[in-house]
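Asks:
Numbering (the numbering used here), first residue to last: 5 to 907.
(1) Verify whether the separation of the beta carbon atoms of residue 84 and residue 183 is less than 8 angstroms.
(2) Please tell me whether, using a cut-off of 7 angstroms, the distance from the CB of residue 592 to the nearest non-hydrogen atom of the ligand ZN is below it.
(3) Counting C-beta neighbours from all protein chains within 10 Å, is the total for residue 809 16 or more, i.e. buried, or is it exposed?
(4) Determine the direct distance from the alpha carbon of residue 92 to that of residue 405, and round the result to whole angstroms.
(5) Let me see if you follow: with CB-CB separation under 8 angstroms, is residue 479 close to chain D or not?
(6) Look up residue 557 in the DSSP assignment and give the residues it is bridged to.
(7) How close, in whole Å, do the beta carbons of residue 243 and residue 292 come, if the pair is a contact with beta carbons under 8 angstroms?
(8) Report the rounded CA-to-CA distance for residue 8 versus residue 30, giving the unit in angstroms.
(9) Terminal residues of the continuous alpha helix (DSSP H) containing residue 59?
(10) Around the Cβ of residue 480, are there at least 16 other Cβ atoms within 10 angstroms (buried) or fewer (exposed)?
(11) Please name the residue in 688, 88, 811 whose C-alpha comes closest to that of residue 753.
(12) Does the beta-carbon distance from residue 587 to residue 557 come in below 8 angstroms?
(13) Does the Cβ of residue 57 have 16 or more other Cβ atoms within 10 Å, making it buried, or fewer, making it exposed?
(14) Using a Cβ-Cβ cut-off of 6 angstroms (strictly less than) and excluding sequence neighbours within five positions of residue 639, which residues of its own chain qualify?
(15) Relative to the C-alpha of residue 675, which residue among 630, 734, 712 is closest?
(16) Buried or exposed for residue 637, please, with buried defined as at least 16 other CB atoms from any protein chain shown within 10 angstroms of its CB.
(17) Here's a check: name, in chain order, each residue in its chain whose Cβ is nearer than 6 angstroms to the Cβ of residue 65, leaving out the five neighbours to either side.
(18) Which value, in whole angstroms, describes the spacing of the CA atoms of residue 812 and residue 848?
(19) Looking only at DSSP bridge pairs, what is residue 497 linked to?
(20) Could you tell me whether the Cβ atoms of residue 288 and residue 378 are closer together than 8 angstroms?
(21) Could you pull out every residue in the same chain whose Cβ sits closer than 6 angstroms to the Cβ of residue 843, ignoring the five residues on either side in sequence?
(22) Could you compute how far the alpha carbon of residue 433 sits from the alpha carbon of residue 370?
(23) Do residue 396 and residue 280 have their CB atoms nearer than 8 angstroms?
(24) Using the Cβ count rule (16 or more neighbours within 10 Å means buried), how would you classify residue 609?
(25) Alpha carbon to alpha carbon, how far is residue 648 from residue 490?
(26) Name the one or two DSSP bridge partners that residue 457 has.
(27) Of the choices 593, 117, 470, whose alpha-carbon is the least far from that of residue 529?
(28) When the Cα atoms are used, what is the spatial distance from residue 506 to residue 526?
(29) Does the beta-carbon distance from residue 912 to residue 727 come in below 8 angstroms?
(30) For residue 841, which residues from the same chain have a beta carbon less than 6 angstroms from its beta carbon, with the 5 sequence-adjacent residues on both sides left out?
(31) With distance defined between alpha-carbon atoms, name the residue in 82, 532, 26, 741 nearest to residue 625.
(32) Select from 537, 178, 591, 372 the residue whose C-alpha is nearest the C-alpha of residue 619.
(33) Can you tell me whether DSSP reads residue 532 as helix, strand or coil?
(34) Could you pull out every unbroken alpha helix (DSSP H) segment of at least 4 residues lying fully inside the segment 243-282, listed in chain order?
(35) Would you kindly work out how many angstroms separate the C-alpha atoms of residue 740 and residue 829, rounded to a whole number?
(36) Just tell me which of 80, 681, 103, 755 has its CA closest to the CA of residue 936.
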């Protein structure tokens, strides 16, 4: 109860306080009522005074503007400099009275009067520039009515001479530009567009190749803005001719000289009037050239290269001649005349005249493109030097601005603090700076720049890109001539690390020069088409190198002796699938050519990679990802792999004689073991010089592959020869084991064989001895020795089993033979061993039963299973060839060296 009373008392106190506060507020309002009235009156009076002052200023400025625009005896032309400031002032003052225009007629009258003065000034300025720009046209055309245009400021024309105007006139023109600037951006843009269009109207009339322009020119000989120039003979200009492109640019240079005399230092730099003129004429030229190239494109024909004799319809042109013509074109040397859509010489079907016309057309095409690019670069340099024009660099965001750590353009506030130009603060700073300087582009240092403009290079020259196929075709035909000459040219260049065919270096030198020629003109579509042409010709050259290899022969002919040997051990004939493949016989000395093919393929594969990098560095951005020459490298690597197979097969075929000697020897009559057999010495004499010469001529990685493949192939060949023998005595097996050891020793040393220093007369290519595959050691690599020992172990085991006692044969076979193969193959292998041992056929089934195997169908079946066993061993041994990939890493440094040399 006590608490409730306390709350009620507190509520009453609060109510009293609120009432007292309300009374106090009313008292204060009563006291300040008069003060508020005075404040409102003062504020309205100030606004009224300000409005009256602005109205007085507006009326005064409008009157001053009228006086400045008037023409009088003391003022022959309007005072454009004063008028420019008054136009700005009236625009700002009228903005304050915008709300009164609907309710105060007097304000609308003032606004309309100012608008009329602005229009008169603009029209007068246009006529003034027209008079100064085309005095020849205005002498007779404006003599009758110029008195009527006194209100527009064209009463005085400063004489009728064609020469440059006086300094006073140019100063007046510069002041007139200030008026155009004050009239606003839309008026300025219309003025510049009209100025450019008027001064390029004659260019359209003289050089536009379209039929509509030609008919218009005939019907309207006297254009409004131009009188025919004395320096342009329209009768001698053929707009459809590519070789007259230079006349277009000569006309524009003369026009620029005329404009420089008439309008020197007239236009504000940020207007970029000369840039607008140049860009416009390039755009018009691009449109004209597009029409000309499309019309003439059907008449340009490049005859493909043909190896037929002269007089048969096609005459070949040497690559040096074509290169000389291209070089002459690029250097601006005089060439044949231009080509038109109807230019033909010689009778129809004449091959020589057809080629000459094609070359003439391509020369004119290249010269026109080169002149266009030079003109674009010339104009770019001139604008940058004389007018300070800055061009946009596509590789940079804003080259003239400073950048932060993240390569962002920067702006600087009033305190010098750097802020990103793309941020809200940076955009605000830039906007305020432009507003401060009247909308002109100003950099952070306060210097007028006029802003960056798009580049001129490419405006007209890019038109050629879609019409350069004749140029690419001519380059292809020249490369075809080089490829044709390479088919019969085996000249070798020995100046490098390895001997290569001169034709390969000539081809890449030509490609490099072709890249230089093309990139001097264009780096876009045409360059990409040229790169595709390179790919096609590189694959053709790989085919040329492949044709330098010996032609393959049927194996069932080349291996006739081996077939006879195998047939002698069987009553039925049998031809394995491997016998239907091809083998290669290398004539004496031709192994050098095969090695040169390998070296050339390696050089080409490495240089193709460097060529790809060079092209990717130079080509346009949108084509970089499309450049891929890996398939061309693969083509040369495939020829390299085939060349190694040819060397292996060729060396193997040279061993036919000692293999036949093995087959002719009666090994069952041996009763003592002597020195190594004569066929072993023959094998040494054949293999040693061949391998040494191959080692000196080809790279170590490829030589290692050759050694691997030959060792495996020869071991199989040797094994098959021994399997085809008849009975072998125990002494015969010992003799053969001795021979096998000697041959195995030779093969183990194959990668490190050293040549005889005395025997240098028969060498086709003499060089210092190359380092061995094992880093200069006289011991072959361990992995290679393991592979050879594995291949010869089967031969040694077979001979040991043949020479073992008959009663121990089964146990020894189980202990030493490879029992991982199936039982039928083991039976066949065991049956062959029994045949070589001379065990009678009637005893063989029982021995097979003791071994736990079933008998075979005969010796040849066993030979076939032996072949299968050998093939299984070859498949397992082929894994060794994978080690070649590790050796390829040694080539990487050489690739880098090739790149540097190619560049």
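For every residue, glycine included, the Cβ atom is placed at its ideal position computed from N, Cα and C.
Replies: Inspection of the coordinates gives the following:
(1) yes
(2) For the structure depicted, the ligand ZN is absent and the ligand set is empty, with no information on it obtainable.
(3) exposed
(4) Model confidence at residue 405 stands at a pLDDT of 45, short of 50, so the residue's coordinates are unreliable; what they give is reported in the following sentence. Residue 405 and residue 92 have their C-alpha atoms some 31 angstroms from each other.
(5) Among the protein chains of the structure shown there is no chain D, as only one such chain exists.
(6) According to DSSP, which records beta bridges pairwise, residue 557 is partnered with 587.
(7) 7 angstroms
(8) 34 angstroms
(9) Going by DSSP, residue 59 is part of the alpha helix (DSSP H) stretching over 6-73.
(10) buried
(11) 688
(12) yes
(13) exposed
(14) Excluding residues up to 5 positions away in sequence, 543, 546 lie with their Cβ nearer than 6 angstroms to the Cβ of residue 639 in the same chain.
(15) Comparing Cα positions, the closest option is 734.
(16) buried
(17) 90, 93, 94
(18) Straight-line Cα distance between these residues: approximately 14 angstroms.
(19) In the DSSP assignment, the residues bridged to residue 497 are 504.
(20) no
(21) none
(22) Roughly 49 angstroms between the two C-alpha positions.
(23) no
(24) buried
(25) 21 angstroms
(26) 395
(27) 470
(28) 30 angstroms
(29) Nothing can be reported for residue 912: it is not among the residues displayed for the chain, which extend from 5 to 907.
(30) Non-local C-beta neighbours of residue 841 in its own chain, meaning closer than 6 angstroms and more than five positions away in sequence, comprise 806, ordered along the chain.
(31) It is 532 whose Cα lies nearest to the Cα of residue 625.
(32) In terms of Cα proximity to residue 619, the closest of 537, 178, 591, 372 is 537.
(33) helix
(34) DSSP assignment within the segment 243-282 yields the following whole alpha helix (DSSP H) runs of 4 residues or more, N-terminal first: 249-266.
(35) 24 angstroms
(36) Past the edges of the chain, shown from 5 to 907, lies residue 936, and the structure says nothing about it.
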